[in-house]
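Undergrad: Just so we're aligned: the sequence shown equals residues 33 to 195 in my numbering. Glycine included, each C-beta is placed from N, C-alpha and C at the ideal position.
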Amino acid sequence: MVNDQRSPASLDYVRAFVQAAERVLGEVIGEVPGKGTPIFQTAPSIGLQEVNVTVGITGDVQGQVNYGMDMTTALAIASTMMMEPVAALDEMSISALQELANMISGNARFHLNDLGITSDITPPTMLVGKDMSATWHRIRAMAVPLELSSGKILVTVGIRQGE
């Protein structure tokens with residue numbers, strides 16, 4: 033049985049996405065990020081960054097994972113992935129960032145599967161703007177900052193046992 037978000041085992045959910053992000057970022061952009069101090073989200077709303085890619089999680093567990101960063105970091109990552117300078121978010125750079133979120137989330141599924149948790153991911157949604165927040169119904173989230181030379185990616189995981 034999968035533990036709910038209040039149990040210590042729920043940290044395994046967060047760990048799955050952080051380890052996947054470390055691995056994928058190392059492979060795709062050639063830099064393994066450093067981990068910052070985790071932030072427990074106690075309010076029902078979570079603060080979003082300027083550029084956010086959110087992926088839904090379904091199956092034995094349900095919820096969302098948000099990959100948030102500032103515009104400078106987003107453009108630097110997209111530039112590296114596309115192997116050419118990116119000065120502004122456009123269709124191609126947005127696609128690159130969404131694909132990065134897909135790769136990380138897909139990799140995390142394997143970590144969850146190793147824990148006996150069957151899951152699937154939804155297509156990514158991108159939100160761009162300042163001073164935004166999101167409310168994840170009945171889900172407590174934990175955010176882990178991942179530090180890159182180009183900036184920070186805030187991986188926010190809000191997953192609970194499926195119904």
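Determine the extent of the beta strand (DSSP E) in which arginine 55 is found, giving its start and end residues.
TA: That residue, arginine 55, is in no beta strand (DSSP E); its alpha helix (DSSP H) goes 43-60.
Undergrad: Between glycine 68 and glutamate 195, how many whole angstroms is the CB-CB distance? I'm expecting something under 8 Å.
TA: Contact doesn't hold; Cβ gap of about 32 Å is too wide.
Undergrad: Grouping DSSP H, G and I as helix and E and B as strand, with all else coil, what is serine 111?
TA: It is helical.
Undergrad: Taking one C-beta from the segment 53-73 and one from the segment 142-156 each time, how about it: are there three or more such pairs within less than 8 Å?
TA: no
Undergrad: At which residues does the beta strand (DSSP E) containing glutamine 193 begin and terminate?
TA: 183-193
Undergrad: Taking only runs that begin and end inside the segment 107-186, name each unbroken beta strand (DSSP E) of 3 or more residues, in chain order.
TA: 151-153, 157-160, 165-167 and 173-180
Undergrad: When the Cα of alanine 128 is compared with those of Val85, Ala53 and Thr90, which residue comes out closest?
TA: The shortest C-alpha separation from alanine 128 is found at Val85.
Undergrad: Please state whether the Cβ-Cβ distance between valine 56 and isoleucine 136 is less than 7 Å.
TA: Yes; because the gap between Cβ atoms is below 7 Å, this pair is in contact.
Undergrad: Would you call the segment 93-112 and the segment 181-191 touching, i.e. three or more CB-CB distances under 8 Å?
TA: yes
Undergrad: Bridge partners for threonine 105 per DSSP, in chain order?
TA: Threonine 105 is not bridged to any residue.
Undergrad: Exposed or buried, what is serine 77 when buried is set at 16 or more other beta-carbons lying within 10 Å of its beta-carbon?
TA: If you draw a 10 Å sphere on the C-beta of serine 77, you find fewer than 16 other C-beta atoms in it, and that means exposed.
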